[in-house]
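Notes follow once the structure below has been shown.
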Amino acid sequence: MAYFFEEPSHTFGEYLLVPGYSSDRCIPVNVSLQTPLVKFKKGEESKIKINIPMTSAIMQAVSDDTMAIALAKEGGVSFIFGSQSIEQQAEMVSRVKNYKSGFVSSDSNIKPTTTLGEILELKDETGHSTMAVTDDGTATGKLVGIVTSRDYRITRMSMDQTAEEFMTPFAKLVYADADTTNLSQANDMIWDNKLNMLPLVDKNQRLRYMVFRKDYTDNKQNRNEVIDNKKRYLVGAGINTRDYAERVPALLNAGADVLCIDSSEGFSEWQSITLKYIHEEFGDDVKVGAGNVVDAEGFRFLAEAGADFIKVGIGGGSICITRETKGIGRGQATAVIDVAKARDEYYRETGVYIPICSDGGIVHDYHMTLALAMGADFMMLGRYFSRFDESPTNRVRINGTYLKEYWGEGSNRARNWQRYDMGGDKKLSFEEGVDSYVPYAGSLKDNVELSLSKMRSTMCNCGALTIKEFQQKSKLTLVSSTSIVEGGSHDVILKDKFSHE
């Protein structure tokens, strides 16, 4: 007879934290959000720590090298998506590891023949007002000029005029040698010449980098950045249980700091085989996360198989329809609570602490805080990061509202059959994800800072200054549907419901 859990499973939205005593030291500036990423033994420290409990999901619509660099600057880690060729994924990892802080590749590029109308469309799409004019319109073409918003006046110019007619030509640009100029020298040139941007070119005049005045302050403020012993940004990469023998060495050679098996369901022999192979071939210094699981039994299986961290959650992602199509999963809050108990029990038995990652079910910022209180060491976030400038998807305008494209790995668009592989044919038999839009939210930095400020404030309300202390002191209560309504604004008419003339 089937086993029945006695209690129904719950989501984050069904819980609230009850405040605890706060001392005079409990102020947000004193809160540390540092957390272990991979397992460690009692009395030791994790070989990899992150400074904020956030990682970005292993998804085409979320985690590329641009996202990885932006998140590493803020203290988290991205896992570059694996549903692409081995060569493409390794190249993305390599770009993160070789990134020079403050030196950015140009991602808004035009040809000399690009019209003003096309330039305005590109500006509307990317939000970038500074565009490199290269001979072939690529980020590494021969630089022939720069176009900024100061170079044209929409009211006095034809939309058919081409960039070469009004751009600032290369001969009039202040530029620097990409091979010999360091960031300090570049910033000095920007300030001395009153520039907003300094292009760096090679000996053949091919564009390599841009350094922006606005990034000078940003670089000074990246106090939480996560770097390796060579001062390179940390980056993770997703793998599958099919081509790991070829993919893993390529990713390691590219510099990946941590790997994660990307699967919708991790309680399988396929993951055990993959973990065993990697640790036997490359040693225990290669860190590999596994998952996903939703109960103590699944956690114990992956722990004994050698997982360095374990992801928790099935069917709770905003674009995931696994529960609808297959009828498997568990409420995310209940899954995290159950697996956290199993993790603590395993630690008491073995002296090995295996971090758990809550993956899915996050709708509001406070859900992240609840996940930590329930025992998660960090979160993996897809929809959250997909809304930002740094995600690899297009920004579109629909009915006057800016949106970003967002699709699941189990959708027909991604067709990541390896993630849902159960040993059969190499194909996606049916969809377990959707293709959608999410509201555009601006820059990663601004949004992450806001989310973390809420998290720190809540932790102070509970009398905690570290995540571990937060987990020990938290008091959680289930809430009724009526009290959920009570928690929002009610019995008033909000002013933004009225139009202002």
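Per UniProt numbering, the very first residue in the sequence shown carries number 1; after that it's consecutive. Backbone N, C-alpha and C fix where the C-beta goes; we use that ideal spot for every residue, glycine too.
- Message: If I follow the unbroken beta strand (DSSP E) through LEU173, where does it start and stop?
- Response: It is not in any beta strand (DSSP E) - LEU173 carries neither H nor E in the DSSP assignment.
- Item | Per-residue DSSP class, three states only, for ALA2 | coil
- Backbone CA spacing between GLY43 and THR181 [nearest angstrom]: 44 Å
- ILE356 and ARG348: beta carbons closer than 8 Å? no
- Message: Mapping the DSSP letters down to three states, classify VAL147 as helix, strand or coil.
- Response: strand
- Query: Does the pairing of the region 190 to 204 with the region 37 to 56 give three or more beta-carbon distances under 8 Å?
  - Reply: no
- MET380 beta carbon less than 8 Å from that of ALA70: no
- Query: Where THR55 and SER22 are concerned, what is the direct C-alpha to C-alpha distance, given to the nearest angstrom?
  - Reply: 29 Å
- Query: If ASP124 sits next to PRO392, beta carbons under 8 Å apart, how far is it from one beta carbon to the other, in whole angstroms?
  - Reply: Not a contact, Cβ separation roughly 18 Å.
- Start and end residues, beta strand (DSSP E) containing LEU116: Per DSSP, LEU116 belongs to no beta strand (DSSP E); it is in the alpha helix (DSSP H), 116 to 126.
- Check whether the Cβ atoms of LYS230 and VAL258 lie closer than 8 Å to each other. no
- Query: What does a CB cutoff of less than 7 Å around LEU252 pick up in its chain, not counting 5 residues either side in sequence?
  - Reply: PHE282 and VAL286
- Task: Could you tell me if PHE378 is buried or exposed, where buried requires 16 or more neighbouring beta carbons within 10 angstroms of its beta carbon?
- Result: buried
- Item | Three-state secondary structure (DSSP) of GLU14 | helix
- Message: Excluding the 5 residues flanking ASN224 on each side, which residues of the same chain have their C-beta closer than 7 Å to its C-beta?
- Response: ASN51, ILE52, GLU74 and GLY75
- Query: Considering VAL96, what are the terminal residues of the alpha helix (DSSP H) in which it resides?
  - Reply: 86 to 98
- Item | First and last residue of the uninterrupted alpha helix (DSSP H) at GLU164 | 163 to 166
- Item | Simplified DSSP state of TYR420, which is helix, strand or coil | Because TYR420 carries a pLDDT of 49, less than 50, the predicted location of this residue cannot be relied on, and no value is offered for it.
- Item | TYR384 versus GLY375 - alpha carbon distance | 20 Å
- Query: Looking only at DSSP bridge pairs, what is ILE398 linked to?
  - Reply: THR401
- Task: Please state if the CB of ASP202 and the CB of ARG208 are separated by a distance shorter than 8 Å.
- Result: yes
- Query: Nearest CA to the CA of ARG387: which residue from LYS445, PHE309 and GLY400?
  - Reply: LYS445
- Message: If you reduce the DSSP assignment to three classes, tell me which class ASP377 lands in.
- Response: coil
- Please report how far the alpha carbon of VAL396 lies from the alpha carbon of ARG25, in whole angstroms. 45 Å
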